[in-house]
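Sequence order for the protein chains is Y and U.
Residue numbers for the first sequence follow the numbering used here, so the first one is 104 and each next one is one higher.
Residue numbers for the second sequence follow the numbering used here, so the first one is 9 and each next one is one higher.
In this text, a Cβ means the ideal position worked out from N, Cα and C, and glycines have one as well.
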Amino acid sequence: MVKKITGSQKLPPRKRIPALALVIAMLCSTLSANVSLASPAVSGKTTKEVVITAPDQGNSYTLSLNRLGAANALNLVGQDSRNFIDFNVRSNEVISKATLKILYKYSPDLLSELSQINVYLNGESISTIEVSKENGNKDLETTIAIPSELFSDRNQFTFQLIGHYASDCEDPKSTKPWAKISNKSTLTIHSLPLLIPNDLTNFPIPFVSKYDSQKLTLPFVFMAKPNNSTLEAAGILSSWFASNTNQLGSQFPVTINSIPNSGNAVIFSNSPQSLPGINLPSITGPMVFITSNPKDQYGKLLFVMGRDSAELKQASIALALGAQNLAGQSSALIPVTNLPIRKSYDAPNWLSSNGPVQLSKLNGTTKPPADQPESEKSTASSNIQIPPALYSTNGKGIPIHLDYSYQNQADNNNSVLSVTYKSQPIKTIPLPMQGEWISKFSGLIKYLAQTIGIPLETNSLITKKSTVFIPQAIIYPSPAEKSILNNDQTNVATFVLTEFAQSSRNQYDCSSPSNQGNIEATINPNSTIDISGMQHFIRMPNLAAFSNSGFPFSRLADLSQTAVVLPDSPNLYDYSTYLSVFGRIGRLTGYPGTSITVTSIGQIDSVKDKDILVITSGSESQSLLKQWESNIPSNNSSIFKIPNNLKDIGSWFNTHTNFDIYQNTFIAGFKSPLESSRSVVLISSINPEKLIDITASLDGSMGSMMGSLVRLNEGQIELVSDQQNYHSGSLPWTNYLSWLLSEYLSLFILFSVIAALILSLLMYAALKAVRRKRLQS
Amino acid sequence: MNNFVNSSSILKRLGNHVLELRLWKYRIATYSIALFGAFAIYIVISTPLTLSEQAVFAILAFGIALVIRTLPWGQAGIILMIVISLMMSLRYMYWRLTSSVDFDTALDAFLGWGLVLAEIYALIVLILGYVQTAMPLKRNAVMMPTDQTHWPTVDVLIPTYNEDLDVVRLTILAALSMDWPADKLRIYLLDDGRREEFREFCHEVGAIYLTRENNHHNKAGNLNAALSQINGEYVAIFDCDHIPTRSFLQLSMGWFLKDPKLAMVQTPHFFFSPDPFEKNLDTYRIVPNEGELFYGLVQDGNDLWNASFFCGSCAVLKREPLMEIGGIAIETVTEDAHTALKLSRKGYNLAYLAVPQAAGLATESLSRHVVQRIRWARGMAQIFRVDNPLLGRGLTIWQRLCYANAMLHFFYGLPRLVFLTAPLAYLLMGAEVFSSTAIMVVAYALPHIAVASMTNSKIQGRFRHSFWSEVYETALAWYIFLPVTLAMINPKFGAFNATSKGGIVEKEYVDWKLARPYILLLALNLVGFLAGLIKLATDDGSTSTLIINLVWVTFNIIVISASANVAKETRQLRSTPRVNASLPATILLANGKTIVCETSDFSRNGLGLKPLSAVEIPVGEQIWVSIFRGDKEAVLPGTVSKGGKSIGVLFENLSVEQQRELTQMTFCRADNWVNAWGQAAKDAPLRSLREVLTYGVFNLAPLLRDAIRDTYLAIRARSNRIKLKA
């Protein structure tokens, strides 16, 4: 994760003269906003008492800096500028060998004898890169071998530029010294697995940890073909495991009665039947049991057990809701009798809609820790996840009431605080200095002040308030706006302080020390973001909301309004897709789906009052597809409608007609044919193996998912239909009318014409009457 | 096209059908429909649209307005346009106040809110203007009964202070010539100058000469002093340079007999000489002048709401109600408007008759024009302070709105200056007065401005051409701003300035003292324009914002340049302006030969004649001229001042009786002014824009050249003086 960016990559090159940048990274993703939810504390402190390594079982992987969280190249600008990359080591491995391949570039102005690029790992220098004039502005590459003993569980790489362009007089704010570390630079890790004891004390470690640098793949094993209740138990756990992962996501392959050849697995068992090589304790009720994988001593198996599938589900809920003392190799679980009642849109990961939320109350910091180096004073970060389906009735978006302070430097009046969200600029707030006029006459004033002995205080702190709005179009981009937005999936809002050099100050004056300080800005902790005044209202179908927020299922975080419908005879891919989809939803909400309902197509009428996720594949899919064929928005020929965006005009004439729902892998959203206030998301593939692509596509790596029907084709998402023909949520009726009119411009125009005609007629009649009366008097 | 017209007339018929529905008879139905309409408008103005939606909506609204403009729907079409305009303007203002006032810095906020307030002012005046002009009453004159015994007695009051006898003489003679029973008509000259020659003249012609001991309250005091000495049922008031036609009383008195509550009938002020705008911009009789909008449209519109104004002259008042309110109001310097307001408060009716039945001289130089407008503006502000029409008893809501708008209108000084400098905020100071994207501002503001201009163009038609309001207001903005502000602070601030008329401008010159603020504004805008171009070239700032501000500043430069040119006084040698007229006339030469002619023009002491057959008459020859009106003939001795195809005749040393005859044959003709009234071409906004552009652009360089030259000359003159002293 990038903690801080020093420099100005957000600015057009022409203006790249800043000195400091302040970033609050609001990661709207796995890093849970609030750890206080009822889950076992996930601790980073791992006990590694047993260090039996097996040299033959080495594992090797390569991670780019981009993968480690650097969305852009790391910019280093200035005399002493640093940038950071975090990297975590899995708890069940130890690093044996690591190399860092750095792709970089630097300014041709750097003086080779005074400048260098230093690379540190956890504070220890691991490399010093010399610079030379002739290599300036060239793409360079170097590979550093890193001593494995420098690694701990959580690590930080520091890149430092010591940059000088002149030996005597230098403008500290000059951008002449610069270097860039490409985010395509890679870290290659060779690791050895760790043997750890069969103990539940550190659970869910080793099965999952937020600090993993890789995507979680956790096989789920059923002892026999699972019934609905067992599947619900599995879904609860998959969503809970996923909610404890990093943002790279998770997947849950499913096997029946066979454990994987290596690695970890979760096994659901409601019979005394055991597996070869494992001694299961007798089942006395809901319980868990941990043991080593008989096929791989470094792998662990977690047995979730109960005497029947109901107890299995109790075990899952108890595990997921936490508050159980787990220790030793097996633990009995106390069934949770009263499940917490969730309200709409109250998922722990999401921003509370109960009132203004202080940025400081959110996970992350708005003020840097005191022990940070000087250049990092402006660092701040905050993690926010915006719930789906918010509707701003005034059209402005979500308000952030910023309270910020910055230093008053009378001679520096060109600084701005820019706010961006998803890489889209939202607002640029100028940071005007007070007493600017003093500086205009500074010589005279200072002279006079000194003569009569008045102290001149110009470097005091200025505190200001400003409200910025994250526009709805940026929070939930519509298909039409997709092309303008650069498809930034990270949902990062940034506050960047940029200090422009004054245009008059072309020549830096070394003799005047007053120019030297860099301006600093802080986002004060009482800054708030407030969604309490907003309505919940969304155009449907909306696959973007489904993929980004799990909507509509995630509306109630415990999934109590959600039903999963599987084929009457599902295959393993169907199961795995179900677990992975709800794994993703659990990761998004930060809450396990404790009240999820699983049923089969045959019983679909029993869940008609819920939002339904249907997963079908192969030949099983045909009957349901046939039944709902007319509901599936398989073409784009919607009713005639003036496009909401001029760019849409093309879509007027562009109607996909020949999409064959029986021969494709696709996700479709539509209004539930069973209950008009409910929604259906249908995941279907003619080829069951292709279902894996569906789960993979949800994280946005294959392009953004939008509209009402997308097809997966050769690893890419293709928009087939963006027809939206109903809505979810409600608005006060005046707002609803406004919404209706703004959604359908033709309706708005018709309404306006009628209003104009009525008023004109009334006015005309009234005025005529007045005139008649006047002339008769 | 035919189909289109057909369908438009079908729509019109449909509208008429709807209007004839029984539904309207039920108040509750009408009110609920009105309520629904108001609610619908609220939804229309408050629904947020995306940029492209707003653009589509705006283009459609503009297109519809453009079509309605050409349809022969009369007042119904105008009202439809008004509604569309209100929609776009209110929508703009709603957006403006909810989405574009989130300012970042104190400077932005100060300038931004300043602009918003100016815009709110403009919007209020726009809406009140629609109230005033949506349905002009257009009343016709009511004929007097044939039996003259029931005709009331009328006292004609002609106040004067320092005007020449030559000017006043004509008015008195014309007043004496009015068609009214002689025993029921008395002409009073109220001379605050207490001049003996005036007394003698009155005595000679049969008018009554009145003076008083002091000059308290100027014209109002003068009239009040006379009112206490007379006893006619009605009082007709003429400024001493407003020459009534003979039909004045017969036409304007009829309504008094029909409506017993009627207390005043006002007729238009018509000018037979060009005002400084017309003269200096050379637009006489081409572009409607500043006053035409008021008398042609606003007064008629006010009349619908029983709120037409008394304008101090060319009006008849009923004496009894006038005395009931204590005579002419003396609290303010616009006694006329205030008097009307007081009559309204007492429940009396006021009427406006749009038939020009008197004519006068316009102010002949900008400085005098400015002084006059300052007085009006100050007076209106005073009324707003001391007797605010929005407050107090006795007025209908519509009267309040009409009066309020008449006063608010004069507050345009500051808002106009704000609009003239607003783009400089961004171009020179980098202040963002809209906290929105430039393109969004355009999408909302452009339809607001465009549809409102088009609607006003449709309403104002012959009485005001598009963009000329800009020029008129700009030229006066600076000057009325201060007096209005002072009067709002304290109604007593500032002094009364009488406007005296009749004079000559011997040499073309630029009234720099008056032009100075505009030269400054112009210079600022030019600097802003250059700064904008430089910013555009160096890519400093948002291109779209720069372009919008540059377009705005360009428009400002053109308007200011056109306005500043009014200060360039053109030559006006003839101190007695001529009136074009074709009257039958004959010339009788000393040798007894008669030549049949037609007049081409007349003035108070001369005639232009066009002989029907070629004839050569030497200059200086003494001749007799006969002028005819129906079967009446006046024979007058004159001197030929110009020979050739059009002969100029100068009358000198006419006897009083001959002067009376000349006046009756010329200025007193009933149809003199009616034909020249409201005869400017209908407004064509693009043509008007081209005209203003032409004035603005082509006069810009000469204006700047003159400014630099005269500044140089002034500096040299001063240094020469200093040298001489040394």
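- Taking a C-beta distance under 8 Å as the contact criterion, E606 of chain U and S590 of chain U qualify as a contact pair.
- Taking Y207 of chain Y as reference, the option from Y:D274, Y:N191, Y:W281 and Y:Q488 with the minimal CA-CA separation is Y:W281.
- Contact annotation for I632 of chain Y against chain U: no contact, minimum CB-CB distance about 16 Å [criterion: below 7 Å].
- In the structure shown, L59 of chain U adopts helical secondary structure according to DSSP, grouped into three states.
- About 6 Å separates the beta carbons of L848 of chain Y and V64 of chain U, which is inside the 8 Å limit, making them a contact pair.
- Straight-line spacing of the CA atoms in D506 of chain Y and Y434 of chain U works out to 26 Å.
- Exposure of E233 of chain Y is indicated by the presence of fewer than 16 other C-beta atoms within 10 angstroms of its C-beta.
- Counting only runs of 3+ residues, the beta strand (DSSP E) found wholly inside the segment 164-248 of chain Y occupies 177-180, 183-191, 196-209, 219-224 and 227-233, in chain order.
- Around the beta-carbon of M388 of chain U, 16 or more other beta-carbon atoms lie within 10 Å, marking it buried.
- The alpha helix (DSSP H) runs of length 4 or more contained entirely in the segment 100-151 of chain U are, from start to end of the chain, 114-141.
- In the pairwise beta carbon analysis, the segment 227-242 of chain U is classified as not touching the segment 295-304 of chain U: fewer than three pairs are separated by under 8 Å.
- If you draw a straight line from the Cα of Y867 of chain Y to the Cα of L403 of chain U, it is about 23 Å long.
- Here L564 of chain Y has S508, Y509, Q510 and N511 as same chain residues with Cβ atoms under 8 Å from its own Cβ, once five neighbours each way along the sequence are excluded.
- Between K713 of chain Y and Q664 of chain Y, the alpha-carbon positions lie close to 5 Å from each other.
- Judged by DSSP in its simplified three-state form, R781 of chain Y adopts coil rather than helix or strand.
- Contact between the segment 709-721 of chain U and the segment 480-500 of chain U is absent: fewer than 3 CB-CB pairs across the two stretches fall below 8 Å.
- Within 10 angstroms of the beta-carbon of S260 of chain U lie 16 or more other beta-carbons, which makes it buried.
- When the Cα atoms are used, W343 of chain Y and L422 of chain Y turn out to be separated by approximately 9 Å.
- Residue contact check for G498 of chain Y against chain U: a CB pair falls below 8 Å.
- Remark: C-beta atoms of Q274 of chain U and T340 of chain U do not approach each other more closely than 8 Å.
- The DSSP-derived three-state label of M808 of chain Y is coil.
- Shown here for D315 of chain Y: same chain residues with a beta carbon closer than 6 Å to its own, the five before and five after excluded, namely R193 and N349 in chain order.
- Under the DSSP assignment, F610 of chain U falls in the beta strand (DSSP E) whose first and last residues are T602 to S611.
- Not flagged as an interface residue toward chain U: M809 of chain Y, since no C-beta distance is shorter than 8 Å.
- Between G409 of chain Y and N373 of chain Y the beta-carbon gap is near 5 Å, inside 8 Å, which marks them as a contact.
- With fewer than 16 neighbouring CB atoms inside 10 Å of its own CB, I542 of chain U falls in the exposed class.
- Sixteen is the threshold: when 16 or more other Cβ atoms of the shown chains lie within 10 Å of the Cβ of T463 of chain U, as they do, the residue is buried.
- T231 of chain Y counts as exposed, since fewer than 16 other C-beta atoms from the protein chains shown sit within 10 angstroms of its C-beta.
- Ranked by Cα distance from N162 of chain Y, the options Y:Q317, Y:N178 and Y:D661 are led by Y:Q317.
- Between V519 of chain Y and I529 of chain Y, the C-beta gap is not smaller than 8 Å, which leaves the two residues out of contact.
- Taking a Cβ-Cβ threshold of 7 Å, the residues of chain U close to L865 of chain Y are I41, A42 and G45, in chain order.
- Straight through space, the alpha carbons of F572 of chain Y and K499 of chain Y are spaced by roughly 6 Å.
- Separation of G686 of chain U and R470 of chain U (C-alpha to C-alpha, rounded to the nearest whole angstrom) is 6 Å.
- Within chain Y, no residue has its beta carbon less than 9 Å from that of S108 of chain U; the closest one is some 11 Å off.
- Measuring C-alpha to C-alpha distances from M272 of chain U to each of U:L301, U:R293 and U:E241 identifies U:E241 as the nearest.
- The three-state secondary structure of Q687 of chain U, taken from DSSP, is coil.
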